[in-house]
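Protein chains in written order, with our numbering: chain V, 1 to 204; chain E, 1 to 594.
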């Protein structure tokens, strides 16, 4: 199942709104001016995701994931490579690190991931007028392959993934990450339906 | 719904049990709020750590109880929960959610460090309230902070070690190092004293955080006043706290400098003291063991670096002195050699002149003695004839002496040119001239070619043959053998088999041991079966006027061998003898093979 370029554009717009909210929340939270760049949104089949990610992220990733449910359900993951996670932690807490993410650092990444995921999923819920519920975010540091597998192994229905390249900009540094929203066929169809409805509403 | 078809979770008893656990046994805080943010439940953990009983807080608005939540703009977390959002709240970004006192009496943090999760309570698909979970992570954070400090400390020590090892002058590194350390320890002053070897006083080398006036006062410290630096008496770290209140005499200097707390350490490498360091602050504060440890390690590093530097300098100075001495020595030697050469030249000139000038009067003496014998001898009485005979002999002896001395001088003084000379020819000539009819002289030809001066070589061989013929056992006939061998390296051994001689020999001049690998030598032997020479005499006989015999039985001036030695030396060779008294002698001269 493919998404059209118009659908992709609408999706991008939606994510943008979510990101604006996330950037605001992050700025509030940390006291630093943080902005999130305009995302690039693409849709893939689930088995294409891991190889794609492995191309752009080397080694281990820090992943924050939240399961969401309701009329649209699936799994949302924010992925940062180790260097990005360390840098983000350093920039946000102003603490020197010994080159590895300690417990406190992991929590920081979890919170940041939580804020970004909440913002995007929340925006889905609000604007598409659907009720979405979330689980508590969980952090996993592992190889990309392992992360994707552990997320999809539970639910065979999950077939598609929206991959959104994300760039955080704070204190003259750029940190790159990936937001991956994994959905089943029904959810994706429903999402696209709701997307269309939203666009129609907007145009009127 | 029958009990059996209910899942365990749905059975009321089970639910009650679960709730009971959360109330009383959960190792974290659990708070529930209704949609108006009023506290519904407050578990045992919260009671213990907030110091408030559930009865006291139930029904109260959370923000009324903890107004700081609003001041810190955290109320959004709770309202978003009502909209269905779950929030994760990290200690690194916020420190704590609720201002609860830390569990242990620990001054590291003002409030308990917490990580929290805030989310909706959903019933029938809609949020009915909020649940808050609070986790105490103070212990963890304290340990992490300690680890971080240790990491920082290690970084400083690594930096110090690296820089101190790289430089050959540690004093250049100290300023940056001390600034780094002072900053890390949050001390506002530092002092570095170095021991002056000239007067054994401590001189201030680096100083930070002390006014110029005060600096002058402490610029130079005699060792007996340096107790507070740890470099007098028992040498070790000195820690001062609450110094301004102290009445201890030891603390007088730091007190005058306004230090409330300080750490001093001497710079010791083995038994050598190089100085001392002091880090201080004007704020009253405790001094930690880890800080003292840092300063101790640092002092050790610095002391070792200074010791190394000193050793280097001393080594260089020693080398320079040695070079100087060597040069002086060379000059002296050159000077002395020159003087010596001048003296020798003078002596040689003198001896030549004397010998030369003596010849005429001696010739006259000989001549007239002869005339006396020839013309008037017939008329002499036997006693008179005897006396005249003695006169004649003495005159001849004088003549021989001066002649030999002259020959010796000539050998020493004249320019000689070396050429390829046929030893065979020279030996043949020598035998022809000397005409030793009574002797049995055998030569093993060929003798080979040598690099020599023909005249000098002739003189040498003549003298050796003369000696061999002369010093025979009384009544026997001289038996002389002449041959040659080629020698090319050290430890030359004679190939001759008929050698019942002692091992003792004495070689003069250019020893064959010092021959270079390429240069070959020819050794010419003159062997006799004469009276032999004792080992003590063997040494002496090559000297001028020395004789191997004590008596007057044998003729000779004692200069013959001296001439051989000098001649051979000048031709770049050497000479020697092997001999056994009563058996015979084997003289040899060794010359370069062309």
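Using N, Cα and C, we set each Cβ at its ideal position, and we do this for glycine too.
Do residue 269/E and residue 307/E come within 8 Å of each other at the CB atom, strictly closer than that value? By 1-based counting over the second chain, the position of residue 307/E is 307. By 1-based counting over the second chain, the position of residue 269/E is 269. Contact flag set, yes.
If the cut-off is 7 Å on Cβ atoms, which residues from the stretch 85-101 of chain E count as contacting chain V, listed in chain order? 85, 86, 87, 88, 89, 90, 91, 92 and 93
Counting only runs that start and end within the stretch 448-492 of chain E, where is the beta strand (DSSP E) found for 3 or more residues in a row? 449-452 and 479-487
Okay, do the stretch 30-39 of chain E and the stretch 125-133 of chain E touch, 3+ Cβ pairs below 8 Å being the bar? yes
Scan the stretch 105-123 of chain V for residues whose Cβ lies nearer than 9 Å to a Cβ of chain E and list them as they occur along the chain. 105, 106, 107, 108, 109, 110, 111, 112, 113, 114, 115, 118, 121 and 122
When the Cα atoms are used, what is the spatial distance from residue 453/E to residue 421/E? Taking the first residue of the second chain as 1, we reach residue 453/E at position 453. Taking the first residue of the second chain as 1, we reach residue 421/E at position 421. Near 7 Å, if we compare the C-alpha coordinates of residue 421/E and residue 453/E.
If we count the other Cβ atoms within 10 Å of its Cβ and call it buried at 16 or more, is residue 49/E buried or exposed? By 1-based counting over the second chain, the position of residue 49/E is 49. With 16 or more other Cβ atoms within 10 Å, it is buried.
Three CB pairs or more closer than 8 Å across the stretch 240-256 of chain E and the stretch 190-206 of chain E: no
Can you name the start and end residues of the alpha helix (DSSP H) that residue 232/E belongs to? Position 232 of the second chain, counting from 1, holds the residue named residue 232/E. Note, residue 232/E: premise wrong, no alpha helix (DSSP H); not H, not E.
Figure out for me which residue from 66/E, 119/E and 68/E has the closest Cα to the Cα of residue 82/E. Against the second chain, residue 82/E aligns to sequence position 82. The candidate whose alpha carbon is nearest that of residue 82/E is 119/E.
Could you name the residues of the same chain whose beta carbon sits closer than 8 Å to that of residue 273/E, not counting the 5 residues immediately before and after it, in chain order? Start at 1 with the first residue of the second chain, and residue 273/E comes out as number 273. Result list for residue 273/E: 195, 231, 235, 266 and 267, in chain order.
Relative to chain E, which residues along the stretch 88-105 of chain V have a C-beta separation below 9 Å, given in chain order? 89, 92, 93, 95, 96, 97, 98, 102, 103, 104 and 105
Helix, strand or coil, according to DSSP, for residue 19/V in the structure here? As a first step, residue 19/V must be located in the first chain, where it is residue number 19. Helix at residue 19/V.
With three or more C-beta pairs closer than 8 Å as the rule, is the stretch 399-408 of chain E touching the stretch 437-444 of chain E? no
Please work out which residues of its chain come closer than 6 Å, Cβ to Cβ, to residue 392/E, disregarding the five sequence neighbours upstream and downstream, and give them in chain order. Start at 1 with the first residue of the second chain, and residue 392/E comes out as number 392. Here the set comprises 369.
Contact the stretch 277-289 of chain E vs the stretch 251-262 of chain E: 3+ CB pairs below 8 Å: yes
Establish whether the CB of residue 71/V and some CB of chain E are separated by less than 8 Å. Here residue 71/V refers to the residue found at position 71 when the first chain is read from its first residue. Chain E contact via Cβ: absent.
If I measure Cβ to Cβ from residue 287/E and keep anything under 7 Å in the same chain, skipping five residues before and after, which residues do I get? If you number the second chain from 1, residue 287/E lands on position 287. Result list for residue 287/E: 239, 241, 261 and 263, in chain order.
Closer than 8 Å to chain V by CB, residue 31/E: Mapped onto the second chain, residue 31/E falls at position 31. Cβ-Cβ to chain V under 8 Å: no for residue 31/E.
For residue 305/E and residue 145/E, I'd like the C-alpha separation in whole angstroms. On the second chain, residue 305/E is found 305 positions in, with the first residue counted as 1. On the second chain, residue 145/E is found 145 positions in, with the first residue counted as 1. C-alpha separation (whole angstroms): 32 Å.
Using alpha carbons as the reference points, say which of 530/E, 524/E and 140/E lies closest to residue 593/E. Translated into positions along the second chain, residue 593/E becomes position 593. With distances taken between Cα atoms, residue 593/E lies closest to 524/E.
Quick one: is residue 590/E buried, meaning 16 or more other Cβ sit within 10 Å of its Cβ, or exposed? By one-based count along the second chain, residue 590/E stands at place 590. Label assigned to residue 590/E: buried.
N- and C-terminal bounds of the alpha helix (DSSP H) containing residue 91/E: Along the second chain, one-based indexing puts residue 91/E at 91. Taken as a continuous stretch (DSSP letters only), the alpha helix (DSSP H) holding residue 91/E covers 91-94.
Applying the 10 Å Cβ sphere with the 16-neighbour rule, what's the burial state of residue 350/E? Counting from one through the second chain, the residue named residue 350/E turns up at place 350. Exposed.
Between which two residues does the beta strand (DSSP E) harbouring residue 191/V extend? Numbered from its first residue, the first chain carries residue 191/V at position 191. Careful: residue 191/V lies outside any beta strand (DSSP E), inside the alpha helix (DSSP H) at 185-203.
Quick test of your reading: residue 296/E and residue 237/E, contact by CB under 8 Å. State the CB separation rounded to the nearest angstrom. The residue given as residue 296/E occupies position 296 in the second chain. The residue given as residue 237/E occupies position 237 in the second chain. Between residue 237/E and residue 296/E the Cβ distance is about 6 Å, and since that is below 8 Å, they are a contact.
Length of the line joining the Cα atoms of residue 63/E and residue 43/E: Within the second chain, numbered from 1, the residue matching residue 63/E stands at position 63. Within the second chain, numbered from 1, the residue matching residue 43/E stands at position 43. Looking at the two C-alpha atoms, the distance is approximately 18 Å.
Cβ-Cβ separation, residue 284/E to residue 229/E (assumed contact under 8 Å), whole Å: Counted from its first residue, the second chain places residue 229/E at position 229. Counted from its first residue, the second chain places residue 284/E at position 284. Between residue 284/E and residue 229/E the Cβ distance is about 21 Å, and since that is not below 8 Å, they are no contact.
Please report the distance separating the alpha-carbon of residue 583/E from that of residue 533/E. Within the second chain, the letter at position 583 stands for residue 583/E. Within the second chain, the letter at position 533 stands for residue 533/E. In a straight line, the C-alpha of residue 583/E is about 9 Å away from that of residue 533/E.
Which residues, in order along the stretch 239-265 of chain E, keep a beta-carbon less than 8 Å from a beta-carbon of chain V? none
Looking at the secondary structure, which residues open and close the beta strand (DSSP E) in which residue 261/E lies? Here residue 261/E refers to the residue found at position 261 of the second chain. Its beta strand (DSSP E) spans residues 261-269.
Proximal residues of chain V, C-beta to C-beta of residue 144/E below 8 Å: To locate residue 144/E, count along the second chain from 1; it is residue 144. 102, 103 and 104, listed in chain order.
According to the Cβ coordinates, are residue 105/V and residue 94/V closer than 8 Å? Position 105 of the first chain, counted from the first residue, corresponds to residue 105/V. Position 94 of the first chain, counted from the first residue, corresponds to residue 94/V. Contact flag unset, no.
For residue 178/V versus residue 79/V, is the C-beta distance shorter than 8 Å? The residue you call residue 178/V lines up with position 178 of the first chain. The residue you call residue 79/V lines up with position 79 of the first chain. Yes, the Cβ-Cβ distance between residue 178/V and residue 79/V is below 8 Å.
Given this structure, state the Cα-to-Cα distance separating residue 324/E from residue 316/E, to the nearest angstrom. For the purposes of this step, residue 324/E is taken as residue 324 along the second chain, with counting starting at 1. For the purposes of this step, residue 316/E is taken as residue 316 along the second chain, with counting starting at 1. C-alpha separation (whole angstroms): 12 Å.
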